[in-house]
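Undergrad: The numbers in my numbering rise by one with no breaks, and the one at position 197 of the first sequence is 207.
Ideal placement from N, C-alpha and C gives every residue a C-beta, glycine not left out.
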Amino acid sequence: MLQSKLFTKTKKEAPKDEVSKNAKLLIRGGFVHKEMAGVYSYLPLGLRVLKKIENVIREEMDAVGGQELHMSVLQEKSLWEKSGRWNDEVVDNWFKTDLKNGTEVGLGSTHEEPLSNILKDHISSYKELPVYPYQIQVKFRNEARAKSGLMRGREFLMKDMYSFCKSEEEQHEFYEKSKKAYTKIFERVGLGDKTYMTFASGGTYSKYSHEFQTLTEAGEDTIYLDESSGLALNKELLDEKENLEEFKGKDLVEHKSAEVGNIFNLGTKFSEAEGFFYLDENGEKQKVWMGSYGIGLGRVMATIAEVFADENGLVWPEAVAPYKFHIVALDVKNEEVRKTADEIHRMMERSNIEVLYDDRDLSAGEKFAESDLLGIPYRIVISENNLKEGVLEIKSRKDGEIKKIEKEKILKSLLESDS
RNA sequence: CGGGGCGUAGCAUAGUGGUAGUGUGCUCGGUUUGGGACCGAGUGGUCCGAGUUCGAUUCUCGGCGCCCCGACCA
């Protein structure tokens, strides 16, 4: 990608109405655009990061047997009345609207009801369970107060998986499996070292749920971490500490954290409400046991921004970076620089290496400052000085380490990877 | 939803009851070229409505919007 053609520009200053680091940096870098409080659009660079996160999640969901689907955002009232969740007293953050004919509809904030209803249409035998459908889709929640940049929005992308099992045991078995999948996801996107499985209250349907909490001052939650086991307890459960086997007598350390994932056992509440049952081996009607498993993609992106940024800007882990390499050509009016940079860019793209090429005629300082802000993991500097020595310079964004590599060597290895 | 703060160019930031200033961005010209370089010339603005006033960007009221603290987060 030629940076001269990229329509987004970086800014030296963040808008004054953003206080949180994630929003400041993501806006300054041109990754997102704020539409209104709690609502952000993803621009080309931001979308690339989001897609990376999405793909990691998709791979791990598929690995545990997930089946991706895409449900509607518009929700029919009657499905929700069956579970009692249409009521604004029960769910206070509904976005509701009317059709032209006056019919009331809602914008989905979660999908237990409609999904149970869909499955009822397709599944009736024990032979067809368990199943684990999931989607990666926009959610709407009419939050009383949006806050912390992209951390808590009113419209946001979420991966929501739901398990439908024949028995409580089968459900718990999958629940345990999902914990491992989640752990893997957060490791892969780079948050592994700072993300802890956290016991939290389970809502109305089960006693406990599990959250995945990433340590950061930008988070909204407070957790108590048992460093010996790597397990944590949400503040809301602190009173029950001594009742929980995992935390009994342990010294816990308080941390601020951001909830990047949450998994629930739901019991049979929603499947029953929607009339979703199955027939067992004896032809007897049985209840379907459910769980739900959520990850907010924008929040993961914001959390990564918060956790890894330094004073010069964003620092993306390789797995989620918009591009792996950033070619920064200095002295682009110099023919040799231009030719070399063009050639390396062309060869990298041909080898399917993700690369952003800063081909603009700007001062070195400006280019470096922008490159730092964008946070692409490896910067390849091509300049008159380097070419005189016959080398290119590769700088790691994360630790600043600089390696000079012979130009011919790079060209050769690119030629090989192309074949 | 309770409390507090704020709204001046694309962005940031001053100031004033009497022709709205600076930085940055953008355009043009020139000098530069390893950390947002310099010189010159342009471009572009008072959130909306009502009131007070000869005159409102400024004062008053209302609306809309944004941020922060709290509550909330099924």
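Cβ of Cys175 within 8 Å of Cβ of Leu225?
TA: Their beta carbons are not under 8 Å apart, which means Cys175 does not touch Leu225 by this criterion.
Undergrad: Which residues share a DSSP beta bridge with Asp170?
TA: Paired residues: Gln145, Gly304.
Undergrad: Does the segment 291-305 come into contact with the segment 170-188, if we say contact requires no fewer than three beta-carbon pairs (one atom in each stretch) closer than 8 Å?
TA: They touch, by the three-pair rule.
Undergrad: Could you check what DSSP says for Val298 in three-state terms: helix, strand or coil?
TA: Coil, per DSSP.
Undergrad: Tell me whether the beta-carbon of Asp236 lies closer than 8 Å to the beta-carbon of Ser267.
TA: Not a contact, by the Cβ cut-off of 8 Å.
Undergrad: Quick check on the DSSP output: what are the complete beta strand (DSSP E) runs of length 3 or more inside the segment 113-141, in order along the chain?
TA: You should have 114-117.
Undergrad: At which residue ranges does the segment 317-389 contain complete alpha helix (DSSP H) runs of 4 or more residues, listed in the order of the chain?
TA: 345-360, 374-384, all fully within the segment 317-389.
Undergrad: Where Leu424 and Glu64 are concerned, what is the direct C-alpha to C-alpha distance, given to the nearest angstrom?
TA: The straight-line gap from Cα to Cα measures roughly 29 Å.
Undergrad: Could you tell me the alpha carbon to alpha carbon distance between Asn24 and Glu411, rounded to whole angstroms?
TA: One detail in the question is off: residue 24 reads as Ala in this sequence, not Asn. Straight-line Cα distance between these residues: approximately 28 Å.
Undergrad: DSSP three-state label for Val29, please.
TA: Correct three-state label for Val29: coil.
Undergrad: Is Phe196 helix, strand or coil by DSSP?
TA: The answer is helix: DSSP assigns Phe196 an H, G or I state.
Undergrad: Candidates Leu254, Ala329, Arg389, Asn395: which alpha carbon is nearest Lys413's?
TA: Comparing Cα-Cα distances from Lys413 to each of Leu254, Ala329, Arg389, Asn395, the minimum goes to Arg389.
Undergrad: For the alpha helix (DSSP H) holding Lys87, just list the boundary residues, first then last.
TA: Counting along the chain, the alpha helix (DSSP H) containing Lys87 begins and ends at 87-93.
Undergrad: Measuring CB to CB, does Lys194 end up less than 8 Å from Glu78?
TA: No, the Cβ-Cβ distance between Lys194 and Glu78 is not below 8 Å.
Undergrad: What residue range is occupied by the uninterrupted beta strand (DSSP E) comprising Phe280?
TA: That residue, Phe280, is in no beta strand (DSSP E); its alpha helix (DSSP H) goes 279-283.
Undergrad: Ignore the nearest five residues each way along the sequence and tell me which others in Glu364's own chain have a CB closer than 6 Å to its CB.
TA: Tyr333, Lys334.
Undergrad: Going by DSSP, which residues form a beta bridge with Asn275?
TA: Bridge partners of Asn275: Gly301.
Undergrad: Leu117 and Gln147 - do their beta-carbons sit closer together than 8 Å?
TA: For Gln147 and Leu117, no; Cβs fall outside 8 Å.
Undergrad: When DSSP builds the beta bridges, which residues end up paired with Ala242?
TA: The partner list for Ala242 (beta bridge, DSSP) reads Thr208, Leu235.
Undergrad: Mapping DSSP to helix, strand and coil, what is Asp409?
TA: Looking at Asp409 - three-state DSSP - the assignment turns out to be coil, as it is neither helix nor strand.
Undergrad: Please confirm if the segment 29-43 is in contact with the segment 258-274, defined as three or more CB-CB distances below 8 Å between the two stretches.
TA: Judged by Cβ distances under 8 Å, the segment 29-43 makes no contact with the segment 258-274, as fewer than three pairs qualify.
Undergrad: Spatial neighbours of Leu243 within its chain, please: CB distance less than 6 Å, with the 5 preceding and 5 following residues excluded, ordered by chain position.
TA: Excluding positions up to five away in sequence, the list reads Phe209, Tyr234, Phe257.
Undergrad: DSSP puts Gln223 in a beta bridge; with which residues?
TA: Bridge partners of Gln223: Tyr206, Glu269.
Undergrad: So, with DSSP's three-state summary, where would you put Gly56?
TA: DSSP places Gly56 in helix when its eight states are reduced to three.
Undergrad: Would you check if the segment 157-165 and the segment 245-260 touch, i.e. whether three or more CB-CB distances between them fall below 8 Å?
TA: Not touching, per the Cβ criterion.
Undergrad: In this structure, does DSSP put Phe105 in helix, strand or coil?
TA: Residue state, collapsed to three classes: strand.
Undergrad: Taking 7 Å as the limit between beta carbons, can you name the residues of its chain near Lys130, skipping five residues before and five after?
TA: Around Lys130: Glu284, Gly285, Phe286.
Undergrad: Give the C-beta separation of Val347 and Ser393 to the nearest angstrom, bearing in mind that I take them to be a contact with Cβ-Cβ under 8 Å.
TA: Right, their Cβ atoms sit about 6 Å apart.
Undergrad: Leaving out five residues on either side along the sequence, give the residues of the same chain with a beta carbon under 8 Å from the beta carbon of Val66.
TA: Within the same chain, Val66 has close Cβ partners Ile195, Arg198, Val199, Ala329, Val330.
Undergrad: Can you tell me where the beta strand (DSSP E) holding Lys44 begins and where it ends?
TA: 42-46 is the span of the beta strand (DSSP E), which, as asked, contains Lys44.
Undergrad: In whole angstroms, what is the alpha-carbon distance linking Gly323 and Phe378?
TA: Going from the Cα of Gly323 to the Cα of Phe378 covers about 11 Å.
Undergrad: Pull up the distance between the alpha-carbon of Val263 and that of Gly240, whole angstroms please.
TA: Looking at the two C-alpha atoms, the distance is approximately 11 Å.
Undergrad: List the endpoints of the continuous alpha helix (DSSP H) containing Leu397.
TA: Looking at the DSSP string, the run of the alpha helix (DSSP H) that includes Leu397 is 394-399.
Undergrad: Looking at C-alpha atoms only, which residue of Leu276, Tyr192, Asp341, Ser302 is the closest neighbour of Ala73?
TA: Minimum Cα distance to Ala73 is reached at Tyr192.
Undergrad: Based on the DSSP secondary-structure assignment, which residues constitute the bridge partners of Val49?
TA: For Val49, which the question treats as bridged, DSSP gives the partners Met46.
Undergrad: Specify the secondary structure class of Lys34 as computed by DSSP and reduced to three states.
TA: Lys34 falls in the helix class under three-state DSSP.
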